[in-house]
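>
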Amino acid sequence: MRLRIFNTLGMRKEDFVPLRDGEVRIYACGPTVYDFIHIGNARAFVFMDIVHRYLEYKGFRVIFVSNITDVDDKIIRRSQETGLSIQQIGEIYSEAYFNDIEALNIMKPDVCPRATQHISEMIEVIQKLIEKGFAYQVDGDVYFDVSKFEDYGKLSGNKMEALEMGARIEVNPKKRNPADFALWKSRKEGEPAWYSPWGWGRPGWHIECSTMAMRYLGETFDIHMGGKDLIFPHHENEIAQAESLTGKPFARYWLHNEWLTVNGQKMSKSLGNFITVQDALKMCSPQVLRFFLISAHYRSPLDFNKESLEQAKASLEKILNAIERLLSLEERTKKGENEDALLSQVYEAKKRFEEAMDDDFNTPLAIAAIFDIVKAINIYSSKERQIESTTKKEVYGVVRTLLEDVLGIKIETKGKEKPRSELVDSLMNIILEFRQEMRRRKEWKISDEIRDKLRKIGVIIEDTPHGTRWQLKEV
RNA sequence: GCCGGGGUGGCCGAGGGGUUAGGCGGCGGGCUGCAGACCCGCCGAGAUGGGUUCGAAUCCCAUCCCCGGCUCCA
């Protein structure tokens, strides 16, 4: 089935047809490295990763570019506050960014261009825009002349007239039109600066993405993504710059994710509800966080709160339990009577999964399809203790692909990692042997007490028909 | 003021004119010495008022409420 995508440009679902057969070129707006990334950023980056992964799953060759903004007002302010150079700030927070996305199992982009390494290309682009009459210079600043670009507003739906009327920006007298935006800003005291035909200065925010996207993906490419707050003015301005320059369409599909709120409120530093990824990972495992972030459709608002996180944890646990149950089935060489039913249910679910993802990346519906597989495994294992090894491999293969490769939820690490050692293993063996002996003697009080006390220190033991299993868990 | 998105069962969350969403939770039963896990069954919804229709959570119109963009923001 064909993938359908909701395109912000046009505000409707469209069939996805890439520019080149079998290849998809994507530009995703990355972080401004002035602070640790928060869980709202994480939602955006995880969604971008889902797009990345699903397109690869569908067999496309994906070229994924995601920038790092390392020169900008916020970074400069941070630098002034801390006394660190903007290079130092950039290094600290871009390293933190890479650590965080790795923790969330977000695939590394093919290219992560940095603004400061593309200044000369930006200058070239600005110069061409001036030559073509789309930009003008005032003192050391260069502004884009919005009135020269007819399609201005086509992405956000903003009308020029309305923009002017609603403008709450203090009017910059240098601008011809209040909606004009800076391509180049002349140097101010204490700011980093590069030499340009207009004197020392630095690029405006929007020009970096247009320039780097075209540099790595060509004048026209397939998908451009970001949070919905970027629609205006950032993405609108990117379109204006790029399309004025080339006369060709810039990105063909624009995807924007909704906000993440915290306890019903928008995150902000003043409210004190700003939660970084690192904060969140003190509350739950990365898999749970990721599972939570995709438990709502990307174009729906999602609220981060304790209860929802706990529900996500319980749901994911159910999935992982089923996989563990599947893997613990004894293997045999002959196929049993329930195996065909299992396989057909699994393939039916896989189909539902794909249909869900094809419909504008409907991850909650895709997760529901995974629960069909969970159900099928649990029903099977409630009837049988054995399974043909090829069936087991097949079922595991499907669930592993959908959960790990597409949704990016790792199966291996369940719960919180705790150190295991030979000593711990030996001690546990002694304890469990002793408890088994108590159970044999029907000393239930003693054996239950052992179980309860172990639970309190984070060791979960389960009695099964095949013996007692134990594992370490979050307390 | 202009533009956009919503209001679904105790909670999270899909679909979107007639057919079971799914998950969490709760209740009953089964398996268990008991737990847990798992199986079976059950629980319950569509902001409000009108309208269209044989039939509406789904379409239309009003009303109320929430959230967002128009300004740095994923």
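Residue numbers (our numbering): 595 to 1069.
Ideal Cβ placement from N, Cα and C applies to all residues, glycine included.
(1) Whether or not the region 615-629 and the region 959-970 are in contact is what I'm after, with contact meaning three or more pairs of Cβ atoms, one per stretch, closer than 8 Å; do they touch?
(2) Can you tell which of Lys-702, Pro-958, Glu-832 has the C-alpha that lies nearest to the C-alpha of Val-740?
(3) Taking contact to mean 3 or more Cβ pairs, one atom from each stretch, closer than 8 Å, check whether the region 672-687 and the region 641-659 are in contact.
(4) For Phe-775, collect the residues of the same chain with a Cβ closer than 7 Å to its Cβ; drop the 5 residues on either side in sequence, then sort them by chain order.
(5) Hey, Arg-637 and Leu-854: beta-carbon distance below 7 Å or not?
(6) Could you tell me how far apart the beta carbons of Pro-625 and Thr-663 are, in whole angstroms, since I believe they sit closer than 8 Å?
(7) Whole-angstrom Cβ separation of Ala-916 and Asn-972, contact assumed at under 8 Å?
(8) Excluding the 5 residues flanking Arg-655 on each side, which residues of the same chain have their C-beta closer than 8 Å to its C-beta?
(9) So the beta strand (DSSP E) Arg-781 belongs to, where does it begin and stop?
(10) For a minimum of 4 consecutive residues, which ranges assigned as the alpha helix (DSSP H) are wholly contained in the region 787-815?
(11) Are there 16 or more other CB atoms within 10 angstroms of the CB of Lys-1010, so buried, or fewer, so exposed?
(12) Closest to Glu-911 by C-alpha separation, out of Leu-997, Ala-690, Leu-865, would be which residue?
(13) Using the three-state DSSP reduction, which class does Leu-602 fall into: helix, strand or coil?
(14) Just to confirm, is the Cβ distance from His-632 to Ile-869 under 7 Å?
(15) Tell me the start and end of each unbroken alpha helix (DSSP H) in the region 671-740 that is at least 4 residues and wholly inside, in chain order.
(16) Between Tyr-795 and the rest of its own chain, which residues show a CB-CB distance below 6 Å, the 5 nearest in sequence each way excluded?
(17) In whole angstroms, give me the CA-to-CA distance for Phe-886 and Glu-949.
(18) Compare the C-alpha of Val-645 against each of Val-665, Gly-634, Ile-620 and name the closest.
(19) Cα-Cα, which of Asp-954, Phe-610, Ala-970 is closest to Ser-937?
(20) Distance, Cα to Cα, Ile-1051 vs Asp-1019?
(21) Can you say whether Ser-679 is buried or exposed, counting buried as having 16 or more other CB atoms within 10 angstroms of its CB?
(22) So, for Met-759: in the same chain, excluding its five sequence neighbours on each side, which residues have a beta-carbon less than 8 Å away from its beta-carbon?
(23) Could you spell out the range, first to last residue, of the alpha helix (DSSP H) harbouring Gly-634?
(24) In whole angstroms, what is the alpha-carbon distance linking Ser-889 and Arg-770?
(25) What are the boundary residues of the alpha helix (DSSP H) that includes Ala-874?
(26) Could you please give the first and the last residue of the uninterrupted beta strand (DSSP E) stretch that includes Arg-1063?
(27) What whole-angstrom Cβ distance do Ile-683 and Ile-669 have, given they're in contact under 8 Å?
(28) Per DSSP, Lys-607 forms a beta bridge with which residues?
(29) At a cut of 8 Å, does the region 835-846 reach the region 647-654 through at least three beta carbon pairs?
(30) Which residues mark the beginning and the end of the alpha helix (DSSP H) in which Trp-1038 is found?
(31) Looking at the unbroken alpha helix (DSSP H) that takes in Leu-914, where does it start and where does it end?
(32) Figure out for me which residue from Glu-925, Ala-874, Leu-921 has the closest Cα to the Cα of Lys-1084.
(33) In or out: Val-993 buried (at least 16 other Cβ within 10 Å) or exposed?
(34) Just to confirm my understanding: we take Lys-928, look at its own chain, exclude 5 residues before and 5 after, and list those with CB closer than 8 Å. What are they?
(35) Looking only at C-alpha atoms, which of Trp-1064, Thr-984, Asp-666, Glu-942 sits nearest to Glu-924?
(36) Any idea what DSSP makes of Tyr-621, helix, strand or coil?
Result, derived from the coordinates:
(1) By the Cβ test, the region 959-970 is not in contact with the region 615-629, since fewer than three Cβ pairs between them sit closer than 8 Å.
(2) Its Cα nearest to that of Val-740, the residue Glu-832 stands out among Lys-702, Pro-958, Glu-832.
(3) Touching, no, given that fewer than three Cβ pairs across the two stretches are closer than 8 Å.
(4) Tyr-737, Phe-738, Gly-798, His-800, Pro-827, Asn-831, listed in sequence order.
(5) Closer than 7 Å, so yes.
(6) Indeed they touch by this definition, with Cβ atoms about 7 Å apart.
(7) Indeed they touch by this definition, with Cβ atoms about 6 Å apart.
(8) Answer for Arg-655: Gly-616, Glu-617, Val-618, listed in chain order.
(9) Taken as a continuous stretch (DSSP letters only), Arg-781 belongs to no beta strand (DSSP E), as it is neither H nor E.
(10) 799-811, all fully within the region 787-815.
(11) Because Lys-1010 sits at a pLDDT of 43, beneath the cut-off of 50, its placement in the model cannot be relied upon, and the following sentence gives the value as read from the coordinates. So Lys-1010 counts as exposed.
(12) Nearest in C-alpha terms to Glu-911, of all of Leu-997, Ala-690, Leu-865, is Leu-997.
(13) The amino acid at residue 602 is misidentified as Leu; the sequence shows Thr. Of the three classes helix, strand and coil, the one that applies to Thr-602 here is coil, per DSSP.
(14) It is a contact, given that the beta carbons lie within the stated cut-off.
(15) The region 671-740 is shown to contain whole alpha helix (DSSP H) runs of 4 or more residues at 680-697, 713-725, in chain order.
(16) Before going further, note that residue 795 is Gly rather than Tyr in the sequence given. Apart from sequence neighbours up to five positions away, the residues of its chain that approach Gly-795 with a beta-carbon distance below 6 Å are Gly-734, Trp-778, Lys-779, Ser-780, Arg-781, Ala-787, ordered along the chain.
(17) Rounded to whole angstroms, Phe-886 and Glu-949 show a C-alpha spacing of 21 Å.
(18) Minimum Cα distance to Val-645 is reached at Ile-620.
(19) Correcting the residue identity first, residue 937 is Leu in this sequence and not Ser. Considering only alpha carbons, the answer is Ala-970.
(20) In a straight line, the C-alpha of Ile-1051 is about 15 Å away from that of Asp-1019.
(21) Label assigned to Ser-679: exposed.
(22) Because the pLDDT of Met-759 is 49, which lies under 50, any placement of that residue in the model is unreliable, and the number read from its coordinates should be weighed accordingly. Spatial neighbours of Met-759 in its own chain (CB-CB distance under 8 Å, excluding positions within 5 residues in sequence) are not present.
(23) Segment 633-651, the alpha helix (DSSP H) holding Gly-634.
(24) Annotation: Ser-889 to Arg-770 spans about 46 Å, alpha carbon to alpha carbon.
(25) That run of the alpha helix (DSSP H) goes 871-877.
(26) Start and end: 1061-1066.
(27) Contact holds; Cβ gap of about 6 Å.
(28) DSSP output for Lys-607 lists Phe-600 as bridge partner(s).
(29) No: fewer than three Cβ pairs fall under 8 Å.
(30) Looking at the DSSP string, the run of the alpha helix (DSSP H) that includes Trp-1038 is 1038-1050.
(31) Boundaries of the alpha helix (DSSP H) harbouring Leu-914: 900-921, taken from the DSSP string.
(32) Residue 1084 is absent from the model: the chain starts at 595 and stops at 1069.
(33) Buried.
(34) Listed in chain order, the non-local C-beta contacts of Lys-928 below 8 Å within the same chain comprise Glu-982, local neighbours out to five positions each way being set aside.
(35) The candidate whose alpha carbon is nearest that of Glu-924 is Thr-984.
(36) Here Tyr-621 sits in strand by DSSP.
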